[in-house]
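Participant:
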Amino acid sequence: MPAYIVSVVEVTNPGPNFRKYTEESARLAHSHGGKYLIRGKSPSVVSGTLLEKKALIILEFPGMENLRAFYDSDEYQKDCKPLREGTGIYDIAFFESPAPAKA
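Here the sequence shown is numbered in our numbering, starting from 6 and rising by one per residue.
Here's what the structure looks like:
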């Protein structure tokens, strides 16, 4: 069943490290079966203030095993993740798709 990384990000320093982080993490996520469903700021926040000036990222994986293989990998933890230090505020959570409803 699909699994998701959901991130709300306020980028405070969109410099070279941030750009490299987005490129490298996307490449690595794709190598683990990940695909972006949403990636960026909303052109129209219609209610509330949480997403003002923030980006929403929803990254789908075939399953939680793929998601954890990506996130827990040495390449992500040691090479990619440190690139985002000092670039913004990252709120990140993992979700599994709910089981299909029984008819």
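All C-beta atoms in this analysis are idealised placements derived from N, C-alpha and C, irrespective of residue type, glycine included.
Rounded to the nearest angstrom, how far is the Cβ of Lys59 from that of Glu15, given a contact under 8 Å?
Facilitator: Right, the Cβ-Cβ distance comes to about 5 Å (below 8 Å), so this counts as a contact.
Participant: Report yes or no: do the region 17 to 37 and the region 77 to 94 share at least 3 C-beta pairs separated by less than 8 Å?
Facilitator: The answer is yes - the region 77 to 94 touches the region 17 to 37, with three or more Cβ pairs under 8 Å.
Participant: For Glu57, is the classification buried or exposed, using 16 other Cβ atoms within 10 angstroms of its Cβ as the cut-off for buried?
Facilitator: Counting Cβ neighbours within 10 Å, Glu57 comes out exposed, since fewer than 16 surround it.
Participant: When DSSP builds the beta bridges, which residues end up paired with Leu64?
Facilitator: Partner(s): Ile10 and Tyr41.
Participant: Classify Ala74 as helix, strand or coil using the three-state DSSP reduction.
Facilitator: Helix at Ala74.
Participant: Can you find the residues in the same chain that come closer than 7 Å, C-beta to C-beta, to Met69, ignoring five residues on each side of it along the sequence?
Facilitator: Hits under 7 Å: Ala8 and Glu101.
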